[in-house]
Amino acid sequence: MSEKYMTRFDERMKSPTFDEIDCSDPVAFYNARERWALERLIELETVKIYQERVKECYRREEVNAKQYCRKVVNDYRKAFNEYKKKAVVAKDMR
């Protein structure tokens, strides 16, 4: 990746969260919303990667998938449940 992209990414991740700002400040609110959206996208992509790993494991192991893919499935479930839990919290914030 280019240096310019990584610098921009680092700047966006350094912005404060909703807990750290005064919500009446529109600039701070915009920056916090951008950071939250970026974090959600990263979490979603992580869940997708785990999902692909589960699919690959099931294709590779076929009959013994329950036995050999247990760790991969547990990692996927954990990531997915964390993603869903944050979605419920965000829905309650409205």
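The sequence shown begins at 13 in our numbering and counts up one residue at a time.
Think of the CB as a built atom: it goes at the ideal place given N, C-alpha and C, for glycine as much as any other residue.
All figures in this text were calculated on a predicted structure; none of them were measured in a lab.
{"Asked": "Nearest neighbour of K97, chosen from E46, A40, L56 and K26 [CA to CA]", "Found": "L56"}
{"Asked": "Straight-line gap, A40 to F30 (C-alpha atoms, nearest Å)", "Found": "9 Å"}
{"Asked": "Extent of the continuous alpha helix (DSSP H) to which I54 belongs", "Found": "P38 to E73"}
{"Asked": "CB of C69 within 7 Å of CB of V84, strictly", "Found": "yes"}
{"Asked": "Where K26 sits in the DSSP three-state scheme", "Found": "coil"}
{"Asked": "Through-space distance from C35 to R71, alpha-carbon basis", "Found": "48 Å"}
{"Asked": "Simplified DSSP state of D87, which is helix, strand or coil", "Found": "helix"}
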